[in-house]
Structure formats: C-alpha cells, structure tokens
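Each remark here refers to the structure printed beneath this line.
Protein chains in written order, with this note's numbering: chain A, -19 to 91; chain B, 14 to 124.
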C-alpha cells in the first residue's frame, strides 16, 4: 500500500550515542519534512527537503543531520543524542501546496 | 517570522453542544490547514483553506478563514464523543510548503 513509514516506532538510547530515524514514502512526493512533538510546543520543524539532494533547516535544526539521496527516503540522524532530544518525531511528505501526510511517529527516549 | 496561536489549549464540552476553536497567525500566509490527532497516533488532514472567506465543512466540523484578520476558526456543531482528539491548525509560509503549527487544542467531549 502507498504510504509513509517510519522506523523504528520506539527507541531508547543513551546520551552521546548516534541514532538514526528512518522515513520512507511511496507516493514519490517531492517534499519531505521532519518534526518533533513536545508537550507545550506543538510540532516544530527540524529539517525539510524539496527534492533529492536538497535539504534545508527548519525551526530547530541544532543537533540533527539529514540526507536525501533518494526521493523516497529521508533519514534523520542525531549525531550525539542529548536528553533534550527525547521527543516524538514525525516524518511527513507532500507535493507542493498540498496537505502534508504524516507517518505514525517514532517515540525516542534518551537516558 | 510566522507564528501561530490557538485557543483554547484545552476544551471540555458536553455532547450536543457547539463550540469554536480559534487560530491566529502573525503574518501573511497563503493557506491554512487543520489537522486532527488522536492520542498516540499520527496527524490526519481535515481541511485546507486557500482564500479569504473560504469555508469547508465535513460532518460536524466547519472551518473558515479570514485572511484580513489572520484568523481561522474550527466550529464544532452538536459535539459527539468521537470528536475527542487534539486539533492543530497550521499556516504555510508564502513559499507554500513549510508549515508552522499552533500549539493544539485538546478537545474532550463528555457524554
């Protein structure tokens, strides 16, 4: 089925570790996004991508790295995880000016 | 910088009652989105509002947009328990694809 898939759904790791969250979409949407959702902050944009090999910072990019070598994949890497990065992470995709479609989220805990 | 504010943040209402959620945004935006999120789930697109005076309706939910006042409303008519969820509005920047989300309104409908 067409859709957007995030993995893993749950992850526990320790401070200082590197962790990568995966996002895969089957619609061939041009745009992909990473958000984090925290109580009291709603959703905040971390990074987005307008096409393969084109990425740009959102509101809260510090401590995160993204890449987009293929249209369908948009991994998010925390290079050295900190406790403040404990959150629920959502990936989304869309075509230009269309509603964004969200994945099921990854619940990340950093101990 | 585009900022989006929703109110109220929390709304408890009785079944059968009407209520309105408000979404204000700070600068010109070319489209306004409403999303629904059930606890522990992803975000589901409800409405996209494109122009001043736009009104969209789906079941007991009706969304409207006043671009001059930079205000969108989500009106709930004769609420039922199934509408219990968190509702987010999001405004796009004038490039069309980055979204800034409001903090969300958690709606609880009591029998």
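By construction, the Cβ of each residue, glycine as well, lies at the ideal position given by its N, Cα and C atoms. Just so it is clear, the structure is predicted and the values come from calculations on it, not from any experiment.
Taking the beta strand (DSSP E) that residue i belongs to, which residues open and close that run?
i	result
residue 88 of chain B	84 to 89
residue -9 of chain A	-10 to -7
residue 54 of chain A	Unbroken run through residue 54 of chain A: none, as it is neither H nor E.
residue 48 of chain A	Note, residue 48 of chain A: premise wrong, no beta strand (DSSP E); not H, not E.
residue -2 of chain A	Looking at the DSSP string, residue -2 of chain A is not in any beta strand (DSSP E), and its letter there is neither H nor E.
Can you have a look at residue i and say buried or exposed, based on whether 16 or more other CB atoms are within 10 angstroms of its CB?
i	result
residue 82 of chain A	buried
residue 117 of chain B	buried
residue 86 of chain A	buried
residue 63 of chain B	exposed
residue 73 of chain A	buried
residue -8 of chain A	exposed
residue 46 of chain A	buried
residue 77 of chain B	buried
residue 7 of chain B	Since the first and last residues shown for chain B are 14 and 124, residue 7 of chain B lies out of range.
residue 13 of chain A	buried
residue 125 of chain B	Residue 125 of chain B falls outside the range modelled here, since chain B spans only 14 to 124, and no answer is possible.
residue 50 of chain B	buried
residue 27 of chain B	exposed
residue 80 of chain B	buried
residue 52 of chain B	exposed
residue 19 of chain A	exposed
Please list, in chain order, all residues of the same chain as residue i whose beta carbon is under 6 Å from its beta carbon, the five residues on each side excluded.
i	result
residue 88 of chain B	33, 75
residue 90 of chain B	31, 73
residue 9 of chain A	73, 74, 75
residue 47 of chain B	59, 60, 76, 87, 102
residue 53 of chain A	4
residue 67 of chain B	78
residue 42 of chain A	none
In its own chain, which residues sit with a C-beta less than 8 Å from the C-beta of residue i, not counting the 5 before and 5 after it?
i	result
residue 66 of chain A	88, 89, 90
residue 35 of chain A	27, 28, 29, 46, 47, 48
residue -2 of chain A	57, 58, 59, 60, 61
residue 127 of chain B	No answer is possible for residue 127 of chain B: the residues shown for chain B start at 14 and end at 124.
Grab me the residues of residue i's own chain with a C-beta within less than 7 Å of its C-beta, minus the 5 sequence neighbours each way, in chain order.
i	result
residue 84 of chain A	-14, -11
residue 4 of chain B	Outside the shown range of chain B, which is 14 to 124, sits residue 4 of chain B, and nothing can be said about it.
residue 114 of chain B	17, 101, 103
residue 15 of chain B	38, 39, 40, 42, 104, 106, 113
So, under 8 Å CB-CB, residue i and residue j are touching, yes? Tell me the CB distance rounded to an integer number of Å.
i	j	result
residue 6 of chain A	residue -17 of chain A	6 Å
Next item on the list: Could you pull out every unbroken alpha helix (DSSP H) segment of at least 4 residues lying fully inside the segment 2 to 45 of chain A, listed in chain order?
Entry: none
Note to self: To test your reading of the DSSP string, which unbroken beta strand (DSSP E) runs of 3 or more residues are found completely within the segment 15 to 45 of chain B?
What the structure shows: 17 to 20, 23 to 27, 32 to 38
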